[in-house]
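In UniProt numbering, the protein residues as written are 1 to 232.
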């Protein structure tokens, strides 16, 4: 931590929502599970969640496509929109006020409604939060426990976090893996320092080194150049 300052009653012990940094945490966790033989990144999503067949996440969509944000999905991640994909997604997670004109839903029922955009998986970078929510669901099926327990057992405690983290859930208890983690500044700094040190925290290899190398070196420049964040 280079500079630390808290306002409005917050303290070093206060967890704060980290929004989409949650995605980086989820992707890192995938490497730990893969290294333990609990997850195959190249397996189809439906190996772990058969009920996703018929959605964009069925067929040839793999776990790695989720990790790489290269799913050929029809979804526009426009945070300024007042209706459409993001609003419907947020409503399913409980992050948007209910609309009396819209039947109530939940995150996982909503995920099963998502459809392809016609592009092959793996060829274009397309940033969509729902990919990471499906990823967390995959982890739960692979490990037989909740996402919160998986994260605590295999990453948060081993890296030496000082405080508990929290994650928001929908009306049925499904975690919002893509953006719902709440953590303290210092614990988030511990996570970053661990990754800077090739997955090592307090002398312990928490994240496998080969996964850190994969994160740093195994990007697809062509997929990125075709993607929706090229100009960012």
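Glycine included, C-beta positions come from ideal geometry on N, C-alpha and C.
Check: Applying the criterion that 16 or more other CB atoms from any shown protein chain within 10 Å of the CB defines a buried residue, is residue 187 buried or exposed?; Outcome: buried
Check: Between which two residues does the alpha helix (DSSP H) harbouring residue 32 extend?; Outcome: 21-35
Check: Could you name the residues that DSSP lists as bridge partners for residue 17?; Outcome: 182
Check: Between which two residues does the alpha helix (DSSP H) harbouring residue 107 extend?; Outcome: 107-111
Check: In the DSSP output, what is residue 204 paired with across the bridge?; Outcome: 201
Check: For the 8 Å Cβ check, are there 3 or more pairs between the region 34-47 and the region 116-125?; Outcome: no
Check: Tell me which residue opens and which closes the alpha helix (DSSP H) that residue 49 is part of.; Outcome: Where residue 49 is concerned, there is no enclosing alpha helix (DSSP H), given that its DSSP letter is neither H nor E.
Check: Distance, Cα to Cα, residue 177 vs residue 153?; Outcome: 16 Å
Check: Can you give me the start and stop residues for the alpha helix (DSSP H) that residue 136 sits inside?; Outcome: 129-143
Check: Quick one: give me the first and last residue of the alpha helix (DSSP H) that residue 213 is part of.; Outcome: 209-217
Check: Mind checking residue 121: buried by the 16 CB within 10 Å criterion, or exposed?; Outcome: buried
Check: If we count Cβ pairs, one from each stretch, closer than 8 Å, do we get three or more for the region 125-139 versus the region 51-67?; Outcome: yes
Check: Considering just the uninterrupted stretch of the alpha helix (DSSP H) at residue 221, what are its terminal residues?; Outcome: 221-225
Check: Going by DSSP, what residue range makes up the alpha helix (DSSP H) through residue 65?; Outcome: 63-68
Check: So residue 15 and residue 182 are in contact, right, with Cβ under 8 Å, and what is the actual spacing, rounded?; Outcome: 4 Å
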